[in-house]
Ligand code: PMV
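Residue numbers (my numbering): 12 to 344.
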């Protein structure tokens, strides 16, 4: 099934012409505590395993979507106030997603995206961007889709975007259906106001291998990829229990171990994928040293060299003094 076919299935019976002149939407970025690494369907971004994240509240993407003037040659796309050419990577990805909902091939959109995720803060903005785009399209066309369907639409842009439709903790169900209609993000009811996430930016260089290519490579060549779904299932159970009991040590230890297992998959992939820089390992060791000295702080990392810290409000002064460059977010504030 192609992404357009999946979108058509989802939008069957819904209006395909704009209901309002313009629509605005916001979605938060998210950071995974149990990671997504590997697809069972590459076109539809269907994962081999579920994942669980926490949304980053005020750090995310605002999107404004409207119809362009008739006759426009391409979608008009701007990012943080700067117009982007149609051949830029951002505009191409945005237009490829807009193709899924385009009323007819000559219809052009006007899209303004603004990120409150600081571009250099080390948090990905693609998840919040596609989630906000799905919400804005829903409002523009007057679909009134449920959150699950918006999550499916956002997933067609970027897998992790499936988790950015809601605040707080979100579990992305892997699903079993070939059309992916059962693969969407489900928010957990628990809130954890004292939880903090810190981002340590160690490098803003372009990553050597993108997540799409990296996942493809790991699924096909990592000799122990087959163990990943089972490991995620165990980590998810531990994370659910940690969240239900506000058990920071269990949440931190599980997130840290899960992230290291993902990076182990990457290392054992052929050819290998190594995102860590010397500074990354230095920060990892500094987190371990802090814990040994009684500071309750854990880390997680994604497909890049930057390190994210996980801790509670009470540890914030100690964490800030040890990691002065960290951008700290309160996801439930
Ligand atoms: O959604 P993508 O294709 O950007 O993949 C994200 C993959 C990781 O960030 C490494 C893990 C995750 O679950 O967010």
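Ideal placement from N, C-alpha and C gives every residue a C-beta, glycine not left out.
Beta-carbon contacts of residue 158 that lie in its chain and below 6 Å, excluding the five residues immediately before and after: If we look at residue 158 and ignore the five residues flanking it on each side, its Cβ neighbours are 176.
Using three-state DSSP, classify residue 222 as helix, strand or coil. In this structure, residue 222 counts as helix in the three-state DSSP scheme.
Reference residue 52, options 14, 140 and 214, closest by Cα: Sorting 14, 140 and 214 by C-alpha distance to the C-alpha of residue 52 places 14 at the top.
How about residue 143 and residue 88: are their beta carbons less than 8 Å apart? Contact flag unset, no.
Which same chain residues end up closer than 6 Å to residue 125 when comparing Cβ atoms and leaving out the 5 residues on each side of it in sequence? The answer, listed in chain order, is 73 and 91.
Exposed or buried, what is residue 99 when buried is set at 16 or more other beta-carbons lying within 10 Å of its beta-carbon? Exposed, since its Cβ has fewer than 16 Cβ neighbours within 10 Å.
Do you know offhand how far residue 46's Cα is from residue 81's? Whole-angstrom Cα-Cα distance: 43 Å.
Within its chain, find whatever has a CB closer than 7 Å to the CB of residue 326; leave out the 5 residues flanking it on each side and keep chain order. So the qualifying residues of the chain are 306, 307 and 308.
Going by alpha carbons, who is nearest to residue 78 out of 60, 148 and 302? In terms of CA proximity to residue 78, 148 leads the group 60, 148 and 302.
Residue closest to residue 63, alpha-carbon to alpha-carbon, out of 319, 343 and 249: With distances taken between Cα atoms, residue 63 lies closest to 249.
Are three or more beta carbon pairs between the region 153-168 and the region 188-196 nearer than 8 Å? Because the criterion of three Cβ pairs below 8 Å is met, the region 153-168 and the region 188-196 touch.
Identify whether residue 307 lies in helix, strand or coil by the three-state DSSP scheme. Assigned with DSSP and collapsed to three states, residue 307 falls in coil, not helix or strand.
Could you check whether the region 310-324 touches the region 256-270, counting it as contact only if at least three pairs of C-beta atoms, one from each stretch, sit closer than 8 Å? Counting Cβ pairs under 8 Å, three or more are found: they touch.
CB of residue 47 to nearest heavy atom of the ligand PMV: below 7 Å? It does: the Cβ of residue 47 is within 7 Å (strictly closer) of some heavy atom of the ligand PMV.
Any heavy atom of the ligand PMV inside 7 Å of the beta-carbon of residue 62? Distances between the C-beta of residue 62 and the heavy atoms of the ligand PMV include at least one below 7 Å.
Inter-residue Cα distance where the pair is residue 225 and residue 141: Going by the C-alpha atoms only, they are around 20 Å apart.
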